[in-house]
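Visitor:
Here it is in structure tokens:
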């Protein structure tokens, strides 16, 4: 079945460092891909999305490109801030045969940014 | 604020009991999804409703059930609770039932003692 694999955390960076969180997926068809962020004690917030191959999603300095040839959707940010400390989830929409948009999530990657 | 509301925020109960979690979707959204977040299983899809009808089912236990009402709010019923049911339960909504962006509520934290 469809699945998402994220790099294991925690990832600890200094402020202004470059961030990459790897995400690869296995899917039939052409799923949409998402990054969600969960701040401590809160729900999930959509960070960015891409709906087809070579699309680049971007928001708040974060970017991810839908790479069908490598089945990847890696999250990047050029300069992280302490406020970016959170858990990041990669997800795909599993449309399948039942016309559903249910999300399949990776295991989450905890990012800690130190001043 | 995503526009999705969930009540209660916290719920503490005992094994064997039954609880109901409530979700109100964003205005205009027809589809509601329920997810469970636990330390060992991560984020798992439970069930989806679209305009009052069940659309898809995930790894939802038989002790759990859900429904979506005519005003589009949804309830997740958990019965014969076990310690392992302790988790964060999220509701999400989207405009339609397929690959639209889902917006998540703040979650209900269930603790079973």
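Protein chains in written order, with the numbering used here: chain A, 1 to 115; chain B, 116 to 228.
Beta carbons: idealized from backbone N, C-alpha and C, even for Gly.
In the DSSP assignment, the beta strand (DSSP E) including residue 157 of chain B goes from what residue to what residue?
Guide: Start and end: 157–165.
Visitor: What is the DSSP secondary structure of residue 82 of chain A, counted as helix, strand or coil?
Guide: Three-state DSSP puts residue 82 of chain A in a helix.
Visitor: Please report the residue range of the beta strand (DSSP E) in which residue 69 of chain A lies.
Guide: Residue 69 of chain A -> no beta strand (DSSP E), and no H or E assigned at all.
Visitor: Using a Cβ distance threshold of 8 Å, determine whether the stretch 22–38 of chain A contacts the stretch 123–142 of chain B, with at least three qualifying pairs required.
Guide: No, because fewer than three Cβ pairs between the stretch 22–38 of chain A and the stretch 123–142 of chain B fall closer than 8 Å, the two stretches do not touch.
Visitor: Could you check the C-alpha separation between residue 52 of chain A and residue 131 of chain B for me, to the nearest Å?
Guide: Those two C-alpha atoms are separated by around 46 Å.
Visitor: Is the Cβ-Cβ distance between residue 120 of chain B and residue 49 of chain A less than 8 Å?
Guide: Contact: no.
Visitor: What does residue 60 of chain A touch in chain B if you count any residue whose Cβ is under 9 Å from its own?
Guide: Going along chain B, no residue has its Cβ under 9 Å from residue 60 of chain A, so there is no contact; the nearest lies around 16 Å.
Visitor: Using a Cβ cut-off of 7 Å, which residues of the stretch 119–136 of chain B contact any Cβ in chain A, in chain order?
Guide: Answer in chain order: no residues at all.
Visitor: Run through chain A and tell me which residues come within less than 7 Å of residue 163 of chain B, C-beta to C-beta.
Guide: 100 and 102, listed in chain order.
Visitor: Could you spell out where the beta strand (DSSP E) holding residue 153 of chain B opens and where it closes?
Guide: Where residue 153 of chain B is concerned, the enclosing beta strand (DSSP E) stretches over 146–153.
Visitor: Thinking residue 191 of chain B and residue 205 of chain B are a contact (beta carbons under 8 Å), I'd like their distance in whole angstroms, please.
Guide: So it is not a contact: roughly 10 Å between Cβ atoms.
Visitor: Please list, in chain order, the chain B residues whose beta carbon lies closer than 8 Å to that of residue 8 of chain A.
Guide: Ordered by position in chain B, no residue passes the 8 Å Cβ test against residue 8 of chain A, which lies about 12 Å from the chain.
Visitor: Report the residues of the stretch 33–45 of chain A with a CB closer than 8 Å to any CB of chain B, ordered along the chain.
Guide: Those would be 34, 36, 42, 43, 44 and 45, in chain order.
Visitor: Using the DSSP secondary-structure output, state which residues sit across from residue 120 of chain A in a beta bridge.
Guide: With chain A covering 1 to 115 only, the question about residue 120 of chain A has no answer from this structure.
Visitor: With DSSP as the reference, please indicate the residues paired to residue 224 of chain B in a beta bridge.
Guide: For residue 224 of chain B, which the question treats as bridged, DSSP gives the partners B:125 and B:203.
Visitor: Give me the residue from A:111, A:68 and A:80 with the minimum Cα distance to residue 16 of chain A.
Guide: It is A:80 whose Cα lies nearest to the Cα of residue 16 of chain A.
Visitor: For residue 49 of chain A, list the residues DSSP reports as bridge partners.
Guide: Residue 49 of chain A pairs with A:34.
Visitor: Of all Cβ atoms in chain A, is any one closer than 8 Å to the Cβ of residue 158 of chain B?
Guide: Yes, because at least one Cβ of chain A sits closer than 8 Å to the Cβ of residue 158 of chain B.
Visitor: Would you mind giving the Cβ-Cβ distance between residue 113 of chain A and residue 87 of chain A, rounded to the nearest angstrom? I have them listed as a contact below 8 Å.
Guide: Actually they do not touch by this definition, with Cβ atoms about 13 Å apart.
Visitor: Between residue 178 of chain B and chain A, is there a C-beta pair that is closer than 8 Å?
Guide: No, because no Cβ of chain A sits closer than 8 Å to the Cβ of residue 178 of chain B.
Visitor: Let's test the definition: count the other Cβ atoms within 10 Å of the Cβ of residue 240 of chain B and tell me whether it reaches 16, buried, or not, exposed.
Guide: The shown model of chain B, from 116 to 228, leaves out residue 240 of chain B, and the question about it has no answer.
Visitor: Bridge partners for residue 192 of chain B per DSSP, in chain order?
Guide: Partner(s): B:135 and B:180.
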